[in-house]
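Numbering (our numbering), first residue to last: 2 to 334.
Okay, structure coming up:
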């Protein structure tokens with residue numbers, strides 16, 4: 002059993018000791034030092050800042066009214082999960098939604114991991130208490146009742162963190178994200194770092210639009226057209242290929258022109274905007290010319306198949322055999 006029931010009228014000394022002995026290793030966070038477990042009345046936990054706002058500086062939304070969380074908390078405490086954390090004077094670091102649900106379920110007391118500031122373990126990205134606290138909250142995404150921090154929330158925190166820093170490069174932002182220990186892939190870290198870095202590069206130079214914002218802009222103008230993102234231009238031609246298929250389908254069915262409006266979700270300079278627009282239009286023209294030439298060649302060489310699927314690499318263990326060529330023969334016309 003991973004759950005231990007928590008009496009709503011209070012927790013005995015013996016039960017407290019049993020729970021504390023079975024909890025997992027406390028989280029290690031740069032800028033902070035674990036000093037022990039503390040049992041606190043839930044009504045004594047501070048969750049608001051001085052302006053009366055919920056003091057969760059990095060989350061745009063928590064788990065909400067999670068039915069799964071309620072079911073879990075009704076069973077008691079899951080001793081395989083990290084507890085919520087506090088810093089001195091009962092200020093909550095994480096577990097805001099869990100705290101709210103515990104009170105609504107009638108619990109009076111709960112266990113918290115208490116941390117104090119440890120300036121000696123701060124990273125170069127933690128210049129003050131607020132930055133250390135933000136990093137702790139961003140990294141605390143593995144406990145029961147806590148939703149893993151979203152890409153958008155890390156991006157927003159990155160913009161806040163590097164707003165007044167001199168080095169806003171993608172590599173430096175990626176270095177900061179890695180200190181949060183979010184168990185993210187290198188590709189994901191690189192992608193988010195690039196977006197944050199680009200935002201700083203184009204500030205005051207380029208108006209930023211993602212697809213949703215670009216579509217809203219078109220809708221507001223009342224223009225009927227399909228959007229084409231020029232990001233990557235010919236280097237990343239999947240967007241152009243996808244929309245050109247729509248162009249062909251529309252022309253075949255309706256014999257009409259297909260209207261397109263260009264935008265770029267990652268452009269950082271005026272020169273890049275011009276170059277990517279030009280490259281995208283040129284590639285559309287190249288594709289169209291290729292289709293015309295291909296169609297002409299198909300008519301003159303109707304006895305020649307443009308492709309030949311020789312088979313497939315065997316992948317179904319115990320379900321298929323390769324022929325003498327090492328491939329699986331396909332019974333598909």
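Even glycine gets a Cβ: it sits at the ideal position worked out from N, Cα and C. Since we're looking at a predicted model, the values are computed, not measured.
Selection from the options that minimises the alpha carbon distance to residue i
i, options, result
"residue 181", "137, 243, 166", "137"
"residue 30", "183, 39, 48", "183"
"residue 131", "59, 244, 326", "59"
"residue 275", "22, 231, 252, 299", "231"
"residue 313", "322, 103, 305", "322"
"residue 318", "308, 311, 329", "329"
"residue 152", "185, 133, 135, 171", "185"
"residue 87", "324, 74, 123, 28", "28"
"residue 260", "225, 273, 286, 240", "225"
"residue 220", "209, 262, 208, 245", "262"
"residue 38", "303, 258, 100, 21", "21"
"residue 72", "43, 91, 105, 89", "105"
"residue 91", "223, 124, 46, 119", "46"
"residue 123", "32, 103, 278, 102", "32"
"residue 140", "179, 113, 168, 125", "179"
"residue 36", "3, 18, 113, 277", "113"
"residue 41", "49, 85, 6", "85"
"residue 316", "103, 25, 177, 327", "327"
"residue 74", "150, 216, 6", "6"
C-beta neighbour in chain D for residue i, strict 8 angstroms
i, result
"residue 74", "Going by chain labels, chain D is absent from the structure shown, which holds only one protein chain."
Assigned secondary structure, residue i (DSSP; H/G/I helix, E/B strand, else coil)
i, result
"residue 273", "helix"
"residue 332", "coil"
"residue 82", "coil"
"residue 313", "strand"
"residue 308", "coil"
"residue 1", "Absent from the model: residue 1. The displayed extent of the chain is 2 to 334, so no value can be given."
"residue 155", "helix"
"residue 321", "coil"
"residue 265", "coil"
"residue 65", "Confidence at residue 65 is low in this model, with a pLDDT of 49, below 50, so the placement of that residue is unreliable and no value is reported for it."
"residue 49", "strand"
"residue 168", "coil"
"residue 130", "helix"
"residue 9", "coil"
"residue 98", "helix"
"residue 244", "helix"
"residue 200", "helix"
"residue 21", "helix"
"residue 185", "coil"
"residue 109", "coil"
"residue 284", "helix"
"residue 299", "helix"
"residue 29", "coil"
"residue 143", "Confidence in residue 143 is poor, its pLDDT being 47 and thus under 50, which makes the residue's placement unreliable; the coordinate value appears in the next sentence. Correct three-state label for residue 143: coil."
"residue 87", "strand"
"residue 218", "helix"
Short Cβ contact (8 angstroms threshold) for residue i with residue j
i, j, result
"residue 251", "residue 284", "no"
"residue 116", "residue 94", "yes"
"residue 190", "residue 156", "no"
"residue 206", "residue 270", "yes"
"residue 197", "residue 159", "yes"
"residue 111", "residue 16", "no"
"residue 281", "residue 229", "yes"
"residue 227", "residue 244", "yes"
"residue 48", "residue 97", "yes"
"residue 168", "residue 34", "no"
"residue 210", "residue 264", "yes"
Supposed close pair residue i, residue j - CB separation, criterion 8 angstroms
i, j, result
"residue 99", "residue 134", "No, residue 99 and residue 134 are not in contact; Cβ-Cβ is about 18 angstroms, not under 8 angstroms."
"residue 310", "residue 331", "6 angstroms"
"residue 212", "residue 266", "7 angstroms"
For the 8 angstroms Cβ check, are there 3 or more pairs between the stretch 9–16 and the stretch 77–86?
Below 8 angstroms, too few C-beta pairs join the stretch 9–16 and the stretch 77–86 to call them touching: fewer than three.
Any 3 or more C-beta pairs closer than 8 angstroms across the stretch 149–168 and the stretch 185–202
Result yes; three or more Cβ-Cβ pairs closer than 8 angstroms.
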